[in-house]
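Q: Protein chains in written order, with numbering that gives the first Met the number 0: chain A, 0 to 171; chain E, 0 to 425; chain R, 0 to 383; chain V, 0 to 158.
Got a structure for you, written out below as structure tokens; questions coming shortly.
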Amino acid sequence: MTPVATPFFFYLLSSLALLGGILVITRKNAVHSALALILTLLALAGLYLMLYAPFVAGVQIILYAGGIMVLFLFVIMLVSIEKSQREEQFNKQWIAGLVAAVALGALFVRVFVKSKALHDLAGMHPAQLPEQSNTQEIAVYLYGNYMLAFEIASLLLLVAIIGAVVMAKKRI
Amino acid sequence: MLDYVTSYLKSNTTPGQAGNLLWAFIYIILIFLGLSVAVIAMNWLERKILAHMQVRLGPMRVGPHGLLQPIADAIKLLIKEDIMPAEADKSVFWIAPVLVVITAFTTFIVVPFGPTHAVTDMNIGVLFMLGVSSLSVLGIVMAGWASNSHYPLIGALRSSAQMVSYEIAMGLAVVAAVLMTSLHGVGLYGVAHGAVGDGTLSMIDIVKAQQDQHAWFIFKFFPLGLIAFFIFAVAMVAETNRAPFDLPEAESELTAGFHTEYSGFRWSLFFLAEYSAMIAVSSIAVTLWLGGWLRPFATWLTGETWDLVFSLFPAATFLLLALIAIVGTLRMPKHPYFRVQTIGLAGFAAVLALIGIVLLMPPVRDRIQDIYWFSLKVAGFMYLYIWYRGTFPRYRFDQLMRVGWKVLLPVGLGVLILTAIVGVLL
Amino acid sequence: MTDPSTYISHLELGERDETFLDSNELIINMGPQHPATHGVLRVILKLDGEKVLGTECVIGYLHRGVEKIAENRTYAMFNPYVDRMDYVAAVSNGLGYCEAVEKVLNVEAPPRANYIRVILAELNRLASHMLWLGTHALDIGAITPLFYTFRDREEILKIFEKYCGARLTTHAFRIGGCLYETYDGFEKDVTKFLDFVTPKIDEYEELLTTNRIWVERTRNVGKISGKECIALGVTGPVLRASGVRWDLRKAQPYAAYSEFDFEIPIGQNGDTYDRYLVRMAEMRQSLHIIRQAVGKIPEGPIMAKVPKVIKPPVGEIYHSIEAPKGELGYFIVSDGSTQPYRVRVRPPSFVNLQALDMMVRGQLVADVIAVIGTLDIVLGEVDR
Amino acid sequence: MVATLKRQFGSGISEASTYLGQNYMVVDRSLIPEILQVLRDQEQFDYCVDITAVHYLTREKPFDAIWILYSFARNERIRVKTLIAENEALPSSVSIWPTANWLEREVYDMFGIAFEGHPDLKRILLPEGWKGHPLRKDYGIIQQDQEWVQKNLGIESGQ
């Protein structure tokens, strides 16, 4: 399948992600922020799809947009709106934020230039996985090469789950 | 241009994979129309079937046997005053039903009605369907929150907890089925068929795997496939918020749950989304366990005669429906008051008979068969949904959670592990 | 037994569980317009998530001042008004009132009238319980039993209609007996109905009794012990389901009940499931009573000798009967005139509803619905 | 039973007899609630059927307050009656029978008889803020709180 209008979709999805990100930090209403975050996550899923990584995109939608954000909303909804409206927002220190943003931007630019130079030097191109076997490749890496790291990460998550249960429950 | 249009007809992939935008678009339109008709038909059938289960007649006034009732309802909903609560969060209130409908319809682009009858085939097909349908809970939560009222909020909380919980059991059952695609072990018919191969998440390939293995996955590794199917069948009812798991909209507790404050067109969007979500999850179940578009007894009743017999089924169904409609026409009261209705029913019978005759023609017959078997299986699930609703009381919230976490989840894990073990050993 | 005096309806009493993740307390107004409050009952719920911390009932939306009306009507004129209180069991209301006035007049209805009264009252008990079963099941989410029970209740209403011309608010009895003689074929109709309805009750039970969801939804929900019932004045099937074998038809027989042989079904746990079983058994007992009565209605007059103008002597009387919902009492004060000086109705629904708060504390919202259903209240009687 | 009670409370019980087979006794206002407590604890009248009142406009003590009690053990009823004056409060019996809660509220609502020690004494059938107590004899049958109706329902009176 040949990709259609790739640059258009790239810029569309990127701008949606950026828009979502900006909305997340500027909305006063926490629920609106959470919804904007979902927009960002979905746009990112779209970008993954464009990178021929459909599995990652699917997982992004299921886990982040469908799972974690629902739980976020679950908690946020219980907080009364009036209270959150009155609360002081933490995004007043815009000078420090600006400095950090500029620094990060500079870093990105530097990496981009440097890698471009490297590519030109060695004639390298980013690895392009065939679309059809991408999911299988991930499986091979996850359960083959990086098995140990994967299992350790799952253990870590298990500990986190137990910790959350302990914290949330008064009596066990 | 004409070449572009006709070239696809000979191809053996979906328009999405062939990169044929025009046909993809045509398929999208067809699916959209088909779904709308299905939802309307579901509306009428649900009322009729439920009524007959409950010693009632159901709608009888609008059109013969109430056939036009759903259309009348749709018109009523469209021209109703659009009410938005004063204290509601306007934008979220507006987006919520739209989001629910979009997610419900988006899932259908990977539903395989036949080997080529799908908008596209993704290599993460099942994952895509689960992911997108899991987004619909966002719409419900948004609707409940934006209404700024207590009953919808409780409905939304219930719904989010319920859908997130049952998604896990559902996912485990799906993984068990996906695992089976890679395990070419001894099928039900004792035909060893290749070794352990690549699994697949693609909807079309899953059905093809069942075709190759000569076994629907519901019968594979008996009873493992059956148990996995059962888990999915329970979880999917919970996912779609239908009885007996209809707590988010439990009418006797929360008046109408998350859509209490919705009316008119917005409400009808929720209605549309609920029914298309039901069809969507049923499609997953059919694809994963019931052999998708494959006709029944494909391995036992083989040969050209049987192929012909089974290919006549779609036409036979429509002719039977036409016959029922004709009998209904003859049994209509002879009073002049019913004249219009009698003529209407006769016309309906004629349309059904016409469709049946068209379906008899060999080219149409062959192309339509897959879609017919798929739809028939989905319709079976729809009937089950109605049947549940007529039979079961509603679960309580803690019991629902208990069933989800303490029964379905462990059983699902067990089935998954056993499937892996059995698959490797056999 | 916890001291029931602590179960008094204030929302402040409920202590909430302190959890690490605090969720908001919700105050929810259930009713007066709500599909499951059986009319215009308003229950204010204080919730922690889905857990009920306390309830308060707000009633009176259907208050019509029945007791005040009684003081301005003659004894006979007030008779139809009582039908409008518990309108699903109008015959029982009328029976209670007529017997109370007969008592204050010191007359007795003739045996034939008493038999007719028993048959109609038991039919009405069946109708009331059927309506209860249908709506209760509907509240819990089973929609089908409602239509089955209404189909069968219709047959009862048809008999009422044939007997006295009215289906719901029958005004079947008069002070001193019955106004109407049984119509031709009354006994045949009733027998036919008995044969028709007996398998139907099995049908309801088939749908619900062993249904796992039904059992889970009702067992251990809204538990109340016999002692608590007595302390709270709860009567009727609710009391019997808590293990107290007390039925006014047996304890202080009225009409012709002493002549029939029937059981008082009781439960053990006092939960919603037991109340369901008790009511189902009561329906069977009612059928049993009717079957005995219909075969041997004695010949004779149906009206006692009652003066044209009813003028009871000065005095007070309290008379109560076992209505489908519990003890229905009439306290009549006569000042010797044609109008009662005071009529007090002791409504079973009103008193039973008081137990709601105690029964639902610490349970879930869905249980409130189940408990309201299982208390079998009729708002016309609660508010009068 | 009456004899033991009379011995205990002396002249407080002014009348104890039977009318048409129903027992009742008239007691002095000062004996409430002790006599009710005694009836429940010693005489097993553990079920309070009803609490109500009667208004006699012309009497010196215009109200009869009546407790109808039932004993499961003895299978008999008794009515306890006491006469009280206008604006005279009665002690609440909620601590004896929790069922008295709503019954007393109804008596308060309909007659304006206050109950001391009642945990939540307010109107029950009529709306909060209604003027008048309808079951008093000086409250006409078509009388209503016009002001309340106009303010809360926004209609002219229905009569």
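We treat Cβ as the ideally placed atom computed from N, Cα and C, and that holds for glycine.
Apply the 10 Å Cβ neighbour rule to serine 16(V) and answer buried if 16 or more other Cβ atoms are within range, or exposed otherwise.
A: exposed
Q: If I follow the unbroken alpha helix (DSSP H) through asparagine 71(R), where does it start and stop?
A: Run containing asparagine 71(R): none; DSSP gives neither H nor E here.
Q: Quick check: what's the CA-CA separation for tyrosine 371(E) versus leucine 145(R)?
A: 37 Å
Q: Could you tell me the distance, in whole angstroms, from the CA atom of threonine 148(R) to the CA atom of phenylalanine 110(V)?
A: 42 Å
Q: Which residues in chain E have a C-beta closer than 8 Å to the C-beta of leucine 173(A)? List them in chain order.
A: Because chain A is modelled from 0 through 171, residue 173(A) falls outside the range shown and cannot be assessed.
Q: Could you pull out every unbroken beta strand (DSSP E) segment of at least 3 residues lying fully inside the segment 93-126 of chain E, listed in chain order?
A: None, since the segment 93-126 of chain E contains no complete beta strand (DSSP E) of that length.
Q: Would isoleucine 67(V) and aspartate 49(V) qualify as a contact pair, given that the criterion is a beta-carbon distance under 8 Å?
A: yes
Q: With three or more beta-carbon pairs closer than 8 Å as the criterion, would you say the segment 82-93 of chain V touches the segment 336-343 of chain R?
A: no
Q: Residues of chain E with CB closer than 7 Å to the CB of valine 23(A), please, in chain order.
A: Within 7 Å Cβ-Cβ: nothing; valine 23(A) doesn't reach chain E, min ~15 Å.
Q: Per the DSSP calculation, serine 319(R) is bridged to which residue(s)?
A: Gly328(R)
Q: Report the option in Thr102(E), Ser159(E), Val402(E) and Phe317(E) whose CA atom is closest to the CA atom of methionine 68(A).
A: Ser159(E)
Q: Smallest Cα separation from proline 311(R): which of Val42(R), Ala35(R) and Val103(R)?
A: Val103(R)
Q: Taking only three categories from DSSP, how would you classify alanine 72(V)?
A: coil
Q: Residues in its own chain within less than 7 Å of tyrosine 96(R) by CB, not counting five upstream and five downstream?
A: Asn78, Val81 and Tyr329
Q: So, with DSSP's three-state summary, where would you put phenylalanine 356(E)?
A: It is isoleucine, not phenylalanine, that sits at residue 356(E) in the sequence shown. In this structure, isoleucine 356(E) counts as helix in the three-state DSSP scheme.
Q: Applying the criterion that 16 or more other CB atoms from any shown protein chain within 10 Å of the CB defines a buried residue, is threonine 106(E) buried or exposed?
A: buried
Q: So, do the segment 164-176 of chain E and the segment 226-240 of chain E have three or more beta carbon pairs nearer to each other than 8 Å?
A: At 8 Å Cβ cutoff, the stretches touch.
Q: Under the assumption that glycine 302(E) contacts leucine 76(E) (Cβ atoms under 8 Å), give the Cβ distance between them as a whole number of angstroms.
A: About 51 Å separates the beta carbons of glycine 302(E) and leucine 76(E), which is beyond the 8 Å limit, so they are not a contact pair.
Q: If I'm right that glycine 113(E) touches phenylalanine 373(E) with Cβ under 8 Å, what's the distance once you round it to whole angstroms?
A: 7 Å
Q: How far does the beta strand (DSSP E) with proline 198(R) in it reach, from first residue to last?
A: First-last for proline 198(R): 185-207, but that is the alpha helix (DSSP H), not the beta strand (DSSP E).
Q: Tell me whether the beta-carbon of glycine 55(R) lies closer than 8 Å to the beta-carbon of serine 285(R).
A: According to the sequence displayed, residue 55(R) carries glutamate and not glycine. Not in contact: glutamate 55(R) and serine 285(R) (Cβ atoms no closer than 8 Å).
Q: According to the neighbour-count rule (16 or more other Cβ atoms, all chains shown, within 10 Å of its Cβ), is proline 361(E) buried or exposed?
A: Exposed is the call here.
Q: Just reading off the alpha helix (DSSP H) that leucine 217(E) is part of, what are its end residues?
A: According to the sequence as given, residue 217(E) is isoleucine; it is not leucine. No alpha helix (DSSP H) contains isoleucine 217(E), which DSSP labels as neither H nor E.
Q: Below 8 Å on the Cβ atoms is my contact criterion, and I expect methionine 358(R) with isoleucine 155(R) to pass it. Report the Cβ-Cβ distance as a whole number of Å.
A: In fact, because the Cβ distance is near 30 Å, the residues do not count as touching under 8 Å.
Q: Between which residues of its own chain and phenylalanine 261(R) is the CB-CB distance below 7 Å, once the five residues before and five after are set aside?
A: For phenylalanine 261(R), where only same-chain residues beyond five positions count, the Cβ hits under 7 Å are Gln284, His287 and Ile288.
Q: Below 6 Å CB to CB, which residues in the same chain sit around methionine 52(E) once its five sequence neighbours on both sides are set aside?
A: In the same chain as methionine 52(E), and ignoring 5 residues on each side of it, the C-beta atoms closer than 6 Å to its own belong to Gly389, in chain order.
Q: Do we get a CB-CB distance below 8 Å when we pair valine 364(R) with the residues of chain E?
A: yes
Q: Assign arginine 76(V) to one of two classes, buried (16 or more other C-beta atoms within 10 Å of its C-beta) or exposed (fewer than that).
A: In the assembly as shown, arginine 76(V) is a buried residue. Its beta-carbon has 16 or more other beta-carbons within 10 Å.
Q: Could one say the Cβ of glutamate 49(R) lies closer than 8 Å to chain E's Cβ atoms, at least one of them?
A: It does; some Cβ of chain E falls within 8 Å.
Q: Select from Leu66(E), Val308(E) and Thr119(E) the residue whose C-alpha is nearest the C-alpha of glutamate 45(E).
A: Leu66(E)
Q: For a test of the three-state rule: what should DSSP assign to asparagine 151(V), helix, strand or coil?
A: Looking at asparagine 151(V) - three-state DSSP - the assignment turns out to be helix.
Q: Alpha carbon to alpha carbon, what distance is there between threonine 98(V) and leucine 47(V)?
A: A small fix is needed here, since residue 47(V) is cysteine in this sequence, not leucine. For cysteine 47(V) and threonine 98(V), the distance between alpha carbons rounds to 7 Å.
Q: Would you list the residues sitting across from serine 16(V) in a DSSP beta bridge?
A: The bridge partners DSSP lists for serine 16(V) are Tyr23(V).
Q: Using 8 Å as the cut-off, can you tell me whether the segment 178-185 of chain R makes contact with the segment 151-168 of chain R, which would need three or more C-beta pairs spanning the two stretches below that distance?
A: yes
Q: Using a Cβ cut-off of 8 Å, pull out every chain R residue sitting near tyrosine 18(V), in sequence order please.
A: Gly314, Glu315 and Ile316
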